[in-house]
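Notes for the one structure printed next.
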């Protein structure tokens, strides 16, 4: 078979295919569009969830930084400083400078290393400092918190 003969046969085959309506039916096109639409909707639903997770992580990071900053401020003081007196104080929402959507609680107690679950009445030379930062979740549903603690001793 010559190359010329092969081309003629191929052209005839192509004409037969085009005449027989070898394209897609309307039903096939509609099914394909439906499947594509379902896939796009599924992908688009992931975006709000990703935004929520990103905002929640950002707020948690800020809360940890605020608690660490307060803790650093307190341990830079002397053991007998009035800021380190035993008790609990709260900075309500809107009073943490530059961070209106956070509140911060400072709890200071005496600490006994021999009995860590019991708060001693007398000062044994060690104080436990706990800083808790609260904020509302990005959806505004629940209040979240981050807490850090350290021990501070007389020098």
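Numbering (our numbering), first residue to last: 70 to 224. Positions of the beta carbon are idealized from the N, C-alpha and C atoms, including for glycine.
Three-way DSSP call (helix, strand, coil) for residue 188 in this model:
coil
What are the boundary residues of the beta strand (DSSP E) that includes residue 171?
171 to 179
Taking the alpha helix (DSSP H) that residue 111 belongs to, which residues open and close that run?
95 to 144
Report back the beta-carbon spacing between residue 159 and residue 174 to the nearest angstrom; my notes put them in contact at under 8 Å.
5 Å
Spatially closest choice to residue 214 from 203, 207, 221, by CA coordinates
203
Do you know how far the Cα of residue 184 is from the Cα of residue 111?
55 Å
Just curious, the beta strand (DSSP E) that residue 249 is in, first and last residue?
With the chain running from 70 to 224 in the structure shown, residue 249 is simply not present.
Taking all protein chains shown into account, do 16 or more other C-beta atoms lie within 10 angstroms of the C-beta of residue 201, making it buried, or fewer, making it exposed?
buried
For residue 121, count neighbouring Cβ atoms within 10 angstroms of its own Cβ and tell me buried if that reaches 16, exposed if not.
exposed
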